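Participant: Using the working numbering, the first residue of the sequence shown is number 556, and each one after it goes up by one. In this text, a Cβ means the ideal position worked out from N, Cα and C, and glycines have one as well. Remember, it's a predicted structure, so these values are computed and weren't measured experimentally.
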Amino acid sequence: MRAEETYTGHPDVDRLLFSWGRVIANARGWERGFALSIQRDRKRPGWRPSHKQFAVMERLVAATQQDRGPVGACDDLPDDVMLIDRDD
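Take a look at the structure:
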């Protein structure tokens with residue numbers, strides 16, 4: 556799917572869709588079914604989520620981001636990985 560087919564052009568919806576793959580990977584039960592239905596429906600031309608769908612999408616993305624911690628967090632790296640700190 557090309558980028559122009561993947562996103563809606565609505566910034567708030569597109570922000571959620573950017574993380575949608577991670578939501579699908581982490582979702583279980585009803586939430587997984589919902590996430591997969593959004594993934595299917597978003598391929599339709601002109602698709603936009605309803606207000607209820609948007610609210611659930613926001614909750615699922617927030618929960619996924621909360622589980623991962625802040626972007627760039629290094630606490631979950633294996634012990635044998637060395638980070639290079641360059642004083643630029």
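Can you round the beta-carbon distance between VAL568 and VAL616 to whole angstroms, since I take them to be within the 8 Å contact cut?
Facilitator: Within the sequence shown, residue 568 is the residue found at index 13, counting from 1. Within the sequence shown, residue 616 is the residue found at index 61, counting from 1. About 11 Å separates the two Cβ atoms, so there is no contact after all.
Participant: Quick one: residues in its chain with C-beta nearer than 8 Å to the C-beta of SER574, no 5 flanking neighbours on either side, listed in chain order?
Facilitator: Taking the sequence shown and counting its residues from 1, the one referred to as residue 574 is at position 19. If we look at SER574 and ignore the five residues flanking it on each side, its Cβ neighbours are VAL616, THR619 and GLN620.
Participant: Do GLU613 and LEU571 have their C-beta atoms closer together than 8 Å?
Facilitator: In the sequence shown, counting from the first residue as 1, residue 613 sits at position 58. In the sequence shown, counting from the first residue as 1, residue 571 sits at position 16. Yes, Cβ-Cβ distance for GLU613 and LEU571 is below 8 Å.
Participant: Whose C-beta lies closer than 6 Å to the C-beta of ASN581 among residues of the same chain, with five residues either side of it excluded?
Facilitator: By one-based count along the sequence shown, residue 581 stands at place 26. Around ASN581: THR619.
Participant: Tell me the DSSP secondary structure of SER605 in three-state form.
Facilitator: Reading the sequence shown from its first residue, position 50 is the one you call residue 605. Three-state DSSP puts SER605 in coil, outside helix and strand.
Participant: Quick one: using the 10 Å Cβ neighbour count with 16 as the cut-off for buried, is ALA610 buried or exposed?
Facilitator: The residue given as residue 610 occupies position 55 in the sequence shown. Per the 10 Å Cβ criterion, exposed.
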